[in-house]
Every structure is written in C-alpha cells, then in structure tokens.
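Note that full-length UniProt numbering numbers the sequence shown so that position 195 is 195, with each residue one more than the last.
Using N, Cα and C, we set each Cβ at its ideal position, and we do this for glycine too.
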Amino acid sequence: MITPTPLMHLVAGVWGFKTLAVGVEFGLFTRLAGGRTVTVAQAAAEFGLDERPADLLLSASASLGLLERAGDGYRNSALAEQFLVEGQPYYFGAQVRYSDLRTYLPWHRVGEALRGNRPLTWDPQQQDSLFDTTDPELVAQFWDAMFATSRFTARALADAYDFGAHRRLLDVGGGAGAFPIEFCLRLPQLRATILDLPHVCVRAGERIAEAGLTDRIGTVAGDFLADPALPDGHDVILLSMILHDWDEPTNRALLAKCFAALPPGGVIVISELLLNDERTGPPEAALMGMNMLVETEGGKNYSGAEYRAWLTDVGFVDVRTVPFEAPGANGAVLARRP
1 MITPTPLMHL VAGVWGFKTL AVGVEFGLFT RLAGGRTVTV AQAAAEFGLD
51 ERPADLLLSA SASLGLLERA GDGYRNSALA EQFLVEGQPY YFGAQVRYSD
101 LRTYLPWHRV GEALRGNRPL TWDPQQQDSL FDTTDPELVA QFWDAMFATS
151 RFTARALADA YDFGAHRRLL DVGGGAGAFP IEFCLRLPQL RATILDLPHV
201 CVRAGERIAE AGLTDRIGTV AGDFLADPAL PDGHDVILLS MILHDWDEPT
251 NRALLAKCFA ALPPGGVIVI SELLLNDERT GPPEAALMGM NMLVETEGGK
301 NYSGAEYRAW LTDVGFVDVR TVPFEAPGAN GAVLARRP
C-alpha cells in the first residue's frame, strides 16, 4: 500500500539538517572529542540550557547517527568523531556552517528562483558571478566550505583514479587547493598548479603552506572563463565541481581551452555529482542542480552522457566514467587528448 510516509521523510529533512547545524554551532562534537561522554545534565550546564532542550538535542543527534549512548550519557559516533571535530584533517563543519548561514534562507524562496530563472544568493546586477567578491567574511566561509567538501572528495577520487602516471597537474578553479594538496601528499613525484581568481589564490597559498607543499604546488591568478588560454606544461587537467556552475556553451568553450592546453596523451578529469543518462537521479546530483538554480545564473548538474558528448566534440578520445562515492562527486569523466 502506498502511504505518505516518504513525503513526511522529505518534510523532516530540514529538521535533521538543523539539528546537525546547531550541534556544529554549539561545538557539541568538538567538545566530545576523544571519547568524552556527557549526560543530559552536564550538557545543559555546559551549553547554558535547560535540561529539556539539552535532552532533545542529544537524543535527536543520536537518532541521526551523530552521537551514541554510553551508559547514562552520550558520546560522538565514529562519523562525528572523524568529520565534525574541529582540527581533524577532513573536518566537515565548515560546509555545514556555510550551508546554514548562506544557502538555506535563500532556498526558502526557491519558487522565486524558478519563476525568475535567476540566483538568490547574489545579485547579477552587482557581480559577474557568485565568485566575484572580495567580502572577506564571505570569501572565508565559502572557500572553507568548499575545502571541507573537496578534501575528502579528492581522497575518494585518488582512490578511484591513479594519478601516479602524471607529473604535472593543473587544477582549473582549484579554490583553496584541496585536490592538489591531497594528491601531492600521496604522490611524491607530482607537481601542481592552481588557477583561480587572485583573492582565492591567497587563500590557496595559506592552505598550501599549512600542508608544507609550497615547493610542489603553485598558484596562477587568472580567470579561466575570460583568459584566452589556460597555462600549459601540464599532463593532466582537473575540473572538480566547476562545470555545474555554468551553462553548456560556457562549458564547451572551457573544455576546448583544456584540449588546447594539454599535450598529446594528456588527460582531462571532470569530477562532479553526475546525473544518470536519463536525468532521473541520483537525488544528490539532481538536488545539487536545484541548488545551482539558487546560486548561479546558468549552472545545472549534467549527466555523464552530456559530458561524454562534449568531450568527443572537442576532440578528446578514450572517454570513460569512473564511479566513486564522496560528498562533492559521485564519479569522474576522463578523456585523453590524442
């Protein structure tokens, strides 16, 4: 029998996110790092709450798999211990905070975005794109969020595709450098260049220095859409979570630049949340497409078939898709310049 229960699960989705977000806001998971356990009374005292809301927060967090019971108290689950404790290598709290502060309120007006076909998180009359800003707070929040998502996605991509055959990587729109950092930590022979806007390169330089990789990862300030050509001298080009920001003509033009910048035998890697060829899912890709409606002028999530067609039209060969599972991507489309 069909019931409305799946619809209620959708209704309650925002409740789950907000429970996660307030736990990050309160520093709950960081306070419980290292196996520490707190009772409801202890949590109430630490957070300045009455016992009823403290009890509800802890039990709801446990129901979501973020905490687990330990005697009379609660402690971090393995998931929270690894990804929600500040200072951990793959800390995901920055993505949670950015989504809570910058994305969720505009999503309440998604009908407006549908009717007007225009973004809600920035004003196209004032900026060229979402990324055209020097607001230090927004820059920090956005790139910290992207780094949090990209660092583990880079790890998953490196497991799925062997970059060991390459010597020089160009990360187009590489942000704070999560992918080159992860790859270079694994592969001592690899050198990398990040191409991004000037203020983003500053952020990337800080992350690269923290990782101790300033001798192997460099930055080039530029605009991959406006610049007539991409930096050459690289045998692999990465486009990670880039093409979903733009429309098809823009993406085709960028892929042509990638083709021109690669030597014969060079490889392009497109890492994205890919829709299936029927464009019916998976939900994480389709919903990210809806998010592109809220955040970009022409962006959407594309299927593997669309990427394969564009790459072939540009001149790439040996096009294939490598699936994997990560926060920012579910696969990579790869192709070679003949």
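In the DSSP assignment, the beta strand (DSSP E) including N276 goes from what residue to what residue?
First-last for N276: undefined, no H or E at that position.
Under 8 angstroms, do S271 and A329 count as touching if we go by C-beta distance?
Yes, these two residues count as a Cβ contact at 8 angstroms.
By the 10 Å Cβ neighbour count, where 16 or more other Cβ atoms means buried, how is A12 classified, buried or exposed?
A12 should be labelled exposed.
Under 8 angstroms between C-beta atoms of A305 and V317:
In this structure, V317 does not lie closer than 8 angstroms to A305 by Cβ.
Which term fits P119, buried or exposed, when burial requires 16 or more other beta carbons within 10 angstroms of its beta carbon?
P119 comes out buried.
Nearest residue (CA-CA) to R155, options R167, H166, V172, P180
Minimum Cα distance to R155 is reached at P180.
Given 8 angstroms as the limit, is there contact between the stretch 180 to 193 and the stretch 163 to 170, that is, 3 or more CB pairs closer than that?
Contact between the stretch 180 to 193 and the stretch 163 to 170 is present: three or more C-beta pairs spanning the two stretches fall below 8 angstroms.
Residue environment, S150, which counts as buried when at least 16 other CB atoms sit within 10 Å:
It is buried - the Cβ of S150 has at least 16 other Cβ atoms within 10 Å.
Once the 5 residues before and after D72 are set aside, which same chain residues still bring their CB inside 6 angstroms of it?
Here the set comprises T39.
Contacting residues, own chain, Cβ-Cβ under 7 angstroms from R75 (five flanking each side not counted):
Once the five neighbours on either side are set aside, the close Cβ partners of R75 are L32, G35, R36, T37, L67, E68.
Would you mind working out which of I242, V267, E295 sits nearest R337, comparing C-alpha positions?
Ranked by Cα distance from R337, the first of I242, V267, E295 is V267.
Which residues does DSSP list as the beta-bridge partners of D223?
Answer by DSSP bridge pairing: none, since D223 is not bridged.
Considering only DSSP beta bridges, list what L185 is partnered with.
DSSP links L185 through a beta bridge to no other residue.
For G177 versus I242, is the C-beta distance shorter than 8 angstroms?
At the C-beta level, G177 and I242 stay beyond 8 angstroms of one another.
Top-ranked residue by Cα proximity to A62, from V24, V322, S77, L105
Closest in alpha carbon position to A62, among V24, V322, S77, L105, is S77.
Rounded separation between L238 and Q42 - CA only:
Distance between L238 and Q42, taken at the CA atoms: about 48 angstroms.
Measuring only the C-alpha atoms, how far is V22 from G233?
The straight-line gap from Cα to Cα measures roughly 46 angstroms.
Beta-carbon proximity list for R252, same chain, < 6 angstroms, skipping 5 on both sides
Closer than 6 angstroms at Cβ, skipping near neighbours: W310.
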